[in-house]
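*Asks:* Take this structure first; my questions come after.
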Amino acid sequence: MSLATALVAIAPLACSPGADAASASLEAGRWTGEVEAPGALHPIGVEYEVARSGTTRESGAIAVRSLDFAGLPPAPGRHVSWDGRTLRFRWQPQRAERTCVLERQDGGALVGICGAEGVDDWRMRMLPPAREAEPTGLAIQAIARGEWQREASALAMVYAPRADTGRVDVRELARRVEQARAHDLALLEAENVARTLHVFVIPNREAMRELLGRPSGGYADPMSGTVVLTDHGRSTGVMRHEIMHVLSMHAWGPPAAPSEWLREGIATWAAGDCQRANFHAIAAHMLQRGRLLPLDELFGNWFAHPDLITYLQAASLVEWLQSTHPGALRAAWRDGLPALSTATGGTLPELERNWLEYVRDTPPIDDALWQQMDDEGCG
Ligand SMILES: [Zn+2]
Numbered sequence: 058m059s060l061a062t063a064l065v066a067i068a069p070l071a072c073s074p075g076a077d078a079a080s081a082s083l084e085a086g087r088w089t090g091e092v093e094a095p096g097a098l099h100p101i102g103v104e105y106e107v108a109r110s111g112t113t114r115e116s117g118a119i120a121v122r123s124l125d126f127a128g129l130p131p132a133p134g135r136h137v138s139w140d141g142r143t144l145r146f147r148w149q150p151q152r153a154e155r156t157c158v159l160e161r162q163d164g165g166a167l168v169g170i171c172g173a174e175g176v177d178d179w180r181m182r183m184l185p186p187a188r189e190a191e192p193t194g195l196a197i198q199a200i201a202r203g204e205w206q207r208e209a210s211a212l213a214m215v216y217a218p219r220a221d222t223g224r225v226d227v228r229e230l231a232r233r234v235e236q237a238r239a240h241d242l243a244l245l246e247a248e249n250v251a252r253t254l255h256v257f258v259i260p261n262r263e264a265m266r267e268l269l270g271r272p273s274g275g276y277a278d279p280m281s282g283t284v285v286l287t288d289h290g291r292s293t294g295v296m297r298h299e300i301m302h303v304l305s306m307h308a309w310g311p312p313a314a315p316s317e318w319l320r321e322g323i324a325t326w327a328a329g330d331c332q333r334a335n336f337h338a339i340a341a342h343m344l345q346r347g348r349l350l351p352l353d354e355l356f357g358n359w360f361a362h363p364d365l366i367t368y369l370q371a372a373s374l375v376e377w378l379q380s381t382h383p384g385a386l387r388a389a390w391r392d393g394l395p396a397l398s399t400a401t402g403g404t405l406p407e408l409e410r411n412w413l414e415y416v417r418d419t420p421p422i423d424d425a426l427w428q429q430m431d432d433e434g435c436g
């Protein structure tokens, strides 16, 4: 039986009193998800409280308890409704109060739009808490688009194209995925996360374009635990980077805004180095050549600058923070820049001065190596 058929079979039929009976098909607990605003993807978490019996319509058969994203959670009760197919609630993530209408999909996820008059629509996806081992979302799509040989390990499933049998050792890959997972969890100081990784290993960017519609070198979808690696997964750095995107989100929860410097900084740091150079030596080169961004700019205007600069600068900052102020990364992840200030015991300009002082004392990489990174990435 396919997953979709199984879910349809267990979904309760709507009966009187409608709201209570239907709400039983929404799992209580922590859902994960994303809001896609134009030009930006924000991971979010949410807790639905689902009453299974004895609740009147007025007190609410379902309450959205929290929506971890800068802003107010939806008011429980009156503003939240669920009829077995459609979840509606009002939510104020920024200035405008939005009305969110999410439809249940075959896999159990909720997908829809959060809109308000005069502002761009946001697309929201939510994934139920009980699906951590099964392929969902992007993993289901990727499985359907290819013929795969598979190898399962304790907490991961590795997929390589059947056409690559003989060229790719999936057993060996599964072992390396487990190692990368353990490596990244140690950096996060997390014991484990329940989310099973679904790691797809494909030949090149063209295959990535065919699979996902984007020709990137690596890709991670934290919500479904899906990781896609090009070059047959040969680069341990890229593997650690993409797996870190999944693990950080599940171990630490959704990050506070602005989160790009932290998400990419931690993932790039997890790779270990770039073309065998350490991140502080790279930052020292950027400082020398006038390429380093003011931290305000790195935090607040991430997308205005080349990836090579933002990713590598963020990795140096993240690595320095972890070695000088243990706990600061996690505080910043959870509560944003004010928490970063508190955790480092000073203002952000002070933190910037201290980090720059450290970078200034580090011997820089040379221009040729920088050029190589610009041409080939971190390798
Ligand atoms: Zn990344």
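Each number in the numbering used here comes from the position in the sequence shown (counting from 1) with 57 added on. Here a beta-carbon is modelled for each residue, glycine too, at the ideal position from N, C-alpha and C.
Is it buried or exposed, Gly141, if we count other Cβ atoms within 10 angstroms and call 16 or more buried?
*Replies:* When all chains shown are included, Gly141 counts as buried.
*Asks:* Kindly confirm or deny that the segment 301-308 and the segment 226-235 touch, where touching means at least three C-beta pairs closer than 8 Å.
*Replies:* Judged by Cβ distances under 8 Å, the segment 301-308 makes no contact with the segment 226-235, as fewer than three pairs qualify.
*Asks:* Classify Asp278 as helix, strand or coil using the three-state DSSP reduction.
*Replies:* DSSP places Asp278 in strand when its eight states are reduced to three.
*Asks:* Could you name the residues, in chain order, whose CB is less than 6 Å away from a heavy atom belonging to ligand 1?
*Replies:* This selection yields His298, His302, Glu321 and Ala324.
*Asks:* Gln332 by DSSP, collapsed to three states: which one?
*Replies:* In this structure, Gln332 counts as coil in the three-state DSSP scheme.
*Asks:* Kindly indicate the opening and closing residues of the alpha helix (DSSP H) around Trp412.
*Replies:* Here the alpha helix (DSSP H) through Trp412 covers Leu405 to Arg417.
*Asks:* Look up Pro218 in the DSSP assignment and say whether it is helix, strand or coil.
*Replies:* Pro218: strand per DSSP, three-state reduction.
*Asks:* The beta strand (DSSP E) spanning Trp148 covers which residue range?
*Replies:* Taken as a continuous stretch (DSSP letters only), the beta strand (DSSP E) holding Trp148 covers Thr143 to Trp148.
*Asks:* If Ala277 sits next to Glu299, beta carbons under 8 Å apart, how far is it from one beta carbon to the other, in whole angstroms?
*Replies:* So it is a contact: roughly 4 Å between Cβ atoms.
*Asks:* Beta-carbon of Ala327 versus every beta-carbon of chain C: anything under 9 Å?
*Replies:* Absence of chain C from the displayed structure is noted, only one protein chain being present.
*Asks:* Which residues bound the beta strand (DSSP E) around Ala211?
*Replies:* Ala211 -> no beta strand (DSSP E), and no H or E assigned at all.
*Asks:* Would you give the residue range spanned by the alpha helix (DSSP H) that Leu242 belongs to?
*Replies:* Looking at the DSSP string, the run of the alpha helix (DSSP H) that includes Leu242 is Val227 to Leu245.
*Asks:* Among residues of its own chain, excluding the 5 on either side of Arg238, which ones have a beta-carbon nearer than 8 Å to its beta-carbon?
*Replies:* Leu212, Ala213, Leu254, Ile300 and Leu304, listed in sequence order.
*Asks:* Tell me the residue span of the beta strand (DSSP E) that contains Val375.
*Replies:* Here Val375 belongs to no beta strand (DSSP E); instead the alpha helix (DSSP H) covers Asp364 to Thr381.
*Asks:* Grab me the residues of Asp423's own chain with a C-beta within less than 7 Å of its C-beta, minus the 5 sequence neighbours each way, in chain order.
*Replies:* Contacts found: none.
*Asks:* Between which residues of its own chain and Thr283 is the CB-CB distance below 6 Å, once the five residues before and five after are set aside?
*Replies:* Excluding positions up to five away in sequence, the list reads Leu195, Ala196 and His255.
*Asks:* Label Ser292 either buried or exposed according to how many other C-beta atoms from any shown protein chain fall within 10 Å of its C-beta, with 16 as the threshold for buried.
*Replies:* It is buried - the Cβ of Ser292 has at least 16 other Cβ atoms within 10 Å.
*Asks:* State buried or exposed for Gly446, treating a residue as buried only when at least 16 other CB atoms are found within 10 Å of its CB.
*Replies:* Coverage of the chain is limited to positions 58 through 436, which leaves residue 446 absent and any answer about it impossible.
*Asks:* For Gln162, which residues in the same chain have their Cβ closer than 7 Å to its Cβ, ignoring the five residues on either side in sequence?
*Replies:* Excluding residues within five positions, the ones whose Cβ falls inside 7 Å are Val168.
*Asks:* Could you check the C-alpha separation between Ala341 and Val158 for me, to the nearest Å?
*Replies:* Computed Cα separation, rounded: 49 Å.
*Asks:* Going by Cα to Cα distance, which pick from Leu378, Gly434 and Ala396 is closest to Val416?
*Replies:* Per the Cα distances, Leu378.
*Asks:* In this structure, what does DSSP give as the bridge partners for Leu269?
*Replies:* Per DSSP, none; premise fails for Leu269.
*Asks:* Going by DSSP, name the residue or residues bridged to Gly169.
*Replies:* Answer by DSSP bridge pairing, in chain order: Leu159 and Met181.
*Asks:* Alpha carbon to alpha carbon, how far is Cys34 from Gln332?
*Replies:* Given that the chain is displayed from residue 58 to residue 436, the structure contains no residue 34 and the question cannot be resolved.
*Asks:* Tell me, please, whether the segment 358-374 touches the segment 387-396 by the rule of three or more beta-carbon pairs shorter than 8 Å.
*Replies:* Taking 8 Å as the limit for Cβ pairs, the verdict is that the segment 387-396 does not touch the segment 358-374.
*Asks:* Roughly how many angstroms lie between the CA atoms of His307 and Gly90, to the nearest whole one?
*Replies:* If I take the Cα positions, the gap works out to 11 Å.
*Asks:* Quick one, which of Ile366, Ala385 and Ala328 has its alpha-carbon nearest Trp427's?
*Replies:* The shortest Cα separation from Trp427 among Ile366, Ala385 and Ala328 belongs to Ile366.
*Asks:* What is the DSSP secondary structure of Glu93, reduced to helix, strand or coil?
*Replies:* Note: Glu93 maps to strand in three-state DSSP.
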